[in-house]
Amino acid sequence: MPTYCVIGTNRGLGLEFVRQLAASPDNIVIATVRPDADRTDLEKVASPTTHILECDTASVQSVHIFSNQVARNVLNGADGPSTTKIDYLIVNAGVNGSPKDQDSLALNPVLLSEQIAVNVVGPAKVLEFLVDRKALSPSVRVINMSSGLGSLALSADMSPRKSVGYSLSKAALNMLTVHQGHDIRARGLAQAVVIAMDPGWVKTRMGGEGALLEPDVSIAGMLKVLHGLKDEDNVSFYTSDGARKPW
Ligand SMILES: NC(=O)c1ccc[n+]([C@@H]2O[C@H](COP(=O)([O-])OP(=O)(O)OC[C@H]3O[C@@H](n4cnc5c(N)ncnc54)[C@H](OP(=O)(O)O)[C@@H]3O)[C@@H](O)[C@H]2O)c1
1 MPTYCVIGTN RGLGLEFVRQ LAASPDNIVI ATVRPDADRT DLEKVASPTT HILECDTASV
61 QSVHIFSNQV ARNVLNGADG PSTTKIDYLI VNAGVNGSPK DQDSLALNPV LLSEQIAVNV
121 VGPAKVLEFL VDRKALSPSV RVINMSSGLG SLALSADMSP RKSVGYSLSK AALNMLTVHQ
181 GHDIRARGLA QAVVIAMDPG WVKTRMGGEG ALLEPDVSIA GMLKVLHGLK DEDNVSFYTS
241 DGARKPW
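Number 219 in UniProt numbering belongs to position 219 of the sequence shown; there are no gaps in the numbering.
And the structure:
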């Protein structure tokens, strides 16, 4: 049974990931929520092999507790060591607190810090602690949920420019992806593949009603990319329709 771990799943894209993955009885799904999140929608789509755990990616301590719980309670079970490992890790949780019209000459440092904490430090610690707990398969596939706004190449020609703090945080997440893809292999996970993903502009609370894509279309596309990843795709930036995105 393939084991999936999706971070940030009570609504939006994360919820749709769980809905599609939990529809197959062959999948083990580890789905995380913040401690005080409303789990109503998630519990409706969860299967008997879905494990809902708490993880606030803005808190290093919370991510640490989560990684310990995964290793002890889900992967190893109550009766000692098992060979179960996470095959697919989708680090989806993210925030966009940037006012759309804020530019780089009026950065709000508090908002930027919050976005760096959730969009960069959180994904870094999720992977770090799961590697430390030996919770990942040697050929684990990891998606860091980025954004087109994180692309330096595309941003150079973007007009009007928007959401500066968010785009800074997603550009940093892209760079984190480059480092993680190399570092994880150096730690013995020799066939691991780490990519950044742009889900497209999707109708969620973050994307808004005017967005172009329905969540089911974006998620189906991302799962197709995820399942098709080859070892040589390590350290790349994809869109949900399977195209490569420039860094
Ligand atoms: N929708 C789009 O068009 C779009 C485009 C490009 C990139 N993205 C990226 O795709 C990802 C998902 O976006 P979305 O559209 O589904 O956004 P969303 O509707 O705002 O959902 C965000 C999810 O992240 C969770 N989250 C936020 N802060 C968290 C934290 N500190 N710890 C754990 N979970 C946290 C939220 O949980 P709570 O309910 O507890 O807040 C929620 O489940 C994000 O990384 C976003 O940047 C989205």
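Where is the CB? At the ideal position from N, CA and C, for every residue including glycine.
Residues near Arg133 by beta carbon distance below 6 Å, same chain, minus five either side
As a first step, residue 133 must be located in the sequence shown, where it is residue number 133. Within its own chain, the residues whose Cβ lies closer than 6 Å to the Cβ of Arg133, once the five positions on either side in sequence are excluded, are Ser67 and Ala71, listed in chain order.
Mind checking which residues open and close the beta strand (DSSP E) that includes Ala196?
The sequence position of residue 196 within the sequence shown is 196, counting from 1. Going by DSSP, Ala196 is part of the beta strand (DSSP E) stretching over Val193 to Asp198.
When burial is assigned at 16 or more other CB atoms within 10 Å of the CB, is Met197 buried or exposed?
Numbered from 1 along the sequence shown, position 197 holds the residue referred to as residue 197. With 16 or more Cβ atoms within 10 Å of its Cβ, Met197 is classed as buried.
Do you know whose CA, among Ser98, Ala31, Val33 and Val45, lies nearest Leu149's CA?
Sequence index remark: in the sequence shown, residue 149 carries index 149 (1-based). Comparing Cα-Cα distances from Leu149 to each of Ser98, Ala31, Val33 and Val45, the minimum goes to Ser98.
C-alpha gap between Gln191 and Val29, whole angstroms
On the sequence shown, position 191 is the one that residue 191 refers to. On the sequence shown, position 29 is the one that residue 29 refers to. A direct Cα-Cα distance of roughly 22 Å separates Gln191 from Val29.
By the 10 Å Cβ neighbour count, where 16 or more other Cβ atoms means buried, how is Met222 classified, buried or exposed?
Numbered from its first residue, the sequence shown carries residue 222 at position 222. Met222 should be labelled buried.
Run through the DSSP bridge pairs and tell me what Met145 is partnered with.
By 1-based counting over the sequence shown, the position of residue 145 is 145. Paired residues: Met197.
Following a CB-centred definition, is residue 287 positioned closer than 6 Å to any heavy atom of ligand 1?
In the structure as shown, the chain starts at 1 and stops at 247, and residue 287 therefore has no counterpart that could be examined.
Please report the straight-line C-alpha distance between Gly242 and Asp103, rounded to a whole angstrom.
The sequence position of residue 242 within the sequence shown is 242, counting from 1. The sequence position of residue 103 within the sequence shown is 103, counting from 1. Those two C-alpha atoms are separated by around 31 Å.
Among Gly207, Ala22 and Gly8, whose alpha-carbon lies nearest the alpha-carbon of Val33?
Along the sequence shown, one-based indexing puts residue 33 at 33. Among Gly207, Ala22 and Gly8, the Cα nearest to that of Val33 belongs to Gly8.
Using only alpha-carbon positions, find the residue among Asn144, Asp38 and Asn73 that is nearest to Thr177.
For the purposes of this step, residue 177 is identified with residue 177 of the sequence shown, where counting begins at 1. Distances from the CA of Thr177 to each of Asn144, Asp38 and Asn73 were compared; the closest alpha carbon is that of Asn144.
Report the option in Phe129, Ser169 and Thr84 whose CA atom is closest to the CA atom of Ser137.
Within the sequence shown, residue 137 is the residue found at index 137, counting from 1. When C-alpha distances from Ser137 are compared across Phe129, Ser169 and Thr84, the shortest belongs to Thr84.
Closer than 6 Å: Val110 CB and nearest ligand 1 heavy atom
What you label residue 110 is simply residue 110 of the sequence shown in a count that begins at 1. Between ligand 1 and the CB of Val110, the shortest heavy atom gap is not smaller than 6 Å.
Length at least 3, wholly inside the stretch 35 to 105: the beta strand (DSSP E) runs in chain order
The stretch 35 to 105 contains these whole beta strand (DSSP E) runs: 50 to 54 and 86 to 91.
Quick check on Asn73: buried or exposed, where buried means 16 or more other Cβ atoms within 10 Å of its Cβ?
Indexing the sequence shown from 1 puts residue 73 at position 73. With fewer than 16 other beta carbons inside 10 angstroms of its own, Asn73 counts as exposed.
Who are the near neighbours of Leu111 in its chain, counting only those whose CB is closer than 7 Å to its CB and skipping five residues on each side?
As a first step, residue 111 must be located in the sequence shown, where it is residue number 111. Cβ neighbours of Leu111 beyond the five flanking positions: Gly97, Ser98 and Gly165.
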